[in-house]
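> Position 48 of the sequence shown, counting from 1, maps to 48 under UniProt numbering, and the rest follow consecutively.
Ideal placement from N, C-alpha and C gives every residue a C-beta, glycine not left out.
All figures in this text were calculated on a predicted structure; none of them were measured in a lab.
Can you read through this structure? Questions will come right after.
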Amino acid sequence: MAGDSSFIPIGFGRCALAPFASDPERSRGRLVAESDSPTRTPFQRDRDRIIHSTAFRRLKHKTQVFVAYEGDHFRTRLTHTIEVSQIARAFARALRLDEDLTEAIALVHDFGHTPFGHAGERALDRCMSPYGGFDHNAQSLRIVTALERRYAEFDGLNLSFETLEGLVKHNGPMLGPHSTWQGEVPRPILEFDARYPLDLSRFASLEAQAAAISDDIAYNTHDLDDGLRAGLIHLDDLAELDLAGSILRNVRAQYPNLDPARMANEIMRRHITRMVEDVITATLRRLQEDRIETAQDVRDAGRTLLCFSPEMEELARRTKSFLFARVYRSPSVSRVMTRAETLVEDLYHRFIAAPREMHGAWSEALEGLDEARLARRVSDYLSGMTDSYAVSEHRRLFDDTPELR
């Protein structure tokens, strides 16, 4: 490890928690008080509730970058979530954080994504602009605090403060001098914060920060992999990138006769490892520099502590720019996503005009809903759809459904 960080030993999952980790015995509790479990910590219960939720299962059929039927091996929102969770757990073990809390935040972080990924979110945000817009992070909060209906005594999952805080603030404070949020804080977050304050001006735990950086590492790597699989980029194109390009040269020198599929897998494996090891080194250095000794020190810090080094941050930025230019905005992906946006907007306007076309409880108790509350109900219904269900609903309601190819 670079830097003088020997005072904080690396963990391998068998060590006591670090003093700056979130202690489950000191959890700030839940909105609805519950008895303690004799067999699980609060954070273990949160993780289990998340995995057993309907929203978690739906991630299987939601787009990451490529719609599901373009190929069986492309990432979905669920496989992306699992990869994020695996990387986040690696950080928790190395830094001796609470692994269950880290995993819970990683598993729940994308609950609010619409069908068709960011294309669906853009469409819903436009439709909902008169009513505060649509944000997938705020929608994740709505799902776990209101929309899941599984328990006798409360709506939502009644997750602990620490998991909710991590869900809302894993990318940093949303208010105050250290806020990284651009624009107004989404209305659903402010409304819940008024009921159950989440300290929006303070940083979240290191466990939440681990989930956030793991999201970046996962998509920076697997979107390169999926771009190769889709034929949008080729192995030689990776030479344009300092990080992936240097790994490409190393692998080719070490294995000159390796077939392209194994070559790609070896590059991606090393890509994740390089980024993970950089984060661990940079984080240990920041913990020492800022004299972080407790979990409260983490929340009161003036900066994110679990992060890339400045050098790796720049390499990650270049990778993201490459992905936007060569994958996300490629003509084939853009064409499909434009059609997906049209499909989502069509459904939104149809359900606004004829809300009883929605299925199940969504079409009940509509009397007395004002314009804004009806729009939010339609938004909740639409955002919860899988790709395949959204397509089938469009075919049910319209004569012509866009071909998402």
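In this structure, does DSSP put residue 388 in helix, strand or coil?
helix
> Hey, residue 140 and residue 112: beta-carbon distance below 7 Å or not?
yes
> Would you report the Cα separation of residue 71 and residue 36, rounded to the nearest angstrom?
With a pLDDT of only 48 at residue 71, under 50, the local geometry of the prediction cannot be trusted, and no value is derived from it.
> Look at the Cβ atom of residue 169, then the Cβ atom of residue 204, and state whether they are nearer than 7 Å.
yes
> With DSSP run on the structure shown, which of helix, strand or coil describes residue 334?
helix
> Does the stretch 125 to 135 come close enough to the stretch 367 to 378 that 3 or more CB-CB pairs lie under 8 Å?
yes
> Helix, strand or coil for residue 363? Go by DSSP, reduced to three states.
helix
> Sorted by chain position, which residues of the same chain lie with C-beta nearer than 8 Å to residue 1's C-beta, five sequence neighbours on each side aside?
Since pLDDT at residue 1 reaches only 43, below the 50 mark, its modelled position is unreliable, and no value is offered.
> Quick one: measure Cβ to Cβ for residue 101 and residue 207, integer angstroms, because I've assumed they're closer than 8 Å.
4 Å
> Grab me the residues of residue 135's own chain with a C-beta within less than 6 Å of its C-beta, minus the 5 sequence neighbours each way, in chain order.
186
> Taking C-alpha atoms, which residue in 54, 273, 117, 402 lies nearest to residue 80?
117
> Quick one: what does DSSP say residue 246 is sitting in, helix, strand or coil?
helix
> Roughly how many angstroms separate the alpha carbons of residue 110 and residue 57, rounded to a whole number?
12 Å
> Alpha carbons only, please: which of 87, 91, 97 is nearest the one belonging to residue 43?
97
> Cα separation between residue 409 and residue 254?
For the chain, the structure presents residues 1 to 405; residue 409 sits outside this window and is missing.
> In whole angstroms, what is the alpha-carbon distance linking residue 350 and residue 257?
56 Å
> Which stretch, first to last residue, makes up the alpha helix (DSSP H) that contains residue 127?
If you look at residue 127, you'll find it in the alpha helix (DSSP H) that goes 117 to 127.
> What are the uninterrupted segments assigned as alpha helix (DSSP H) that are 4 or more residues long and contained completely in the stretch 289 to 333, given in chain order?
295 to 300, 310 to 323
> Specify the secondary structure class of residue 41 as computed by DSSP and reduced to three states.
coil
> Straight-line CA distance for residue 154 to residue 45?
15 Å
> Output needed for residue 340: all residues of its chain with C-beta closer than 7 Å, excluding positions within five of it in sequence on either side, in chain order.
116, 119, 120, 404
> Out of 267, 216, 214, which one is the CA nearest neighbour of residue 238?
The option with the nearest alpha carbon to residue 238 is 267.
> Could you tell me which residues DSSP puts in a beta bridge with residue 160?
30
> Express the C-alpha separation of residue 172 and residue 159 in angstroms, rounding to a whole number.
Cα to Cα, residue 159 sits roughly 20 Å from residue 172.
> Taking 7 Å as the threshold (C-beta atoms), are residue 92 and residue 83 in contact?
no
> Measure the alpha-carbon distance for residue 295 versus residue 305 and round it to whole angstroms.
12 Å
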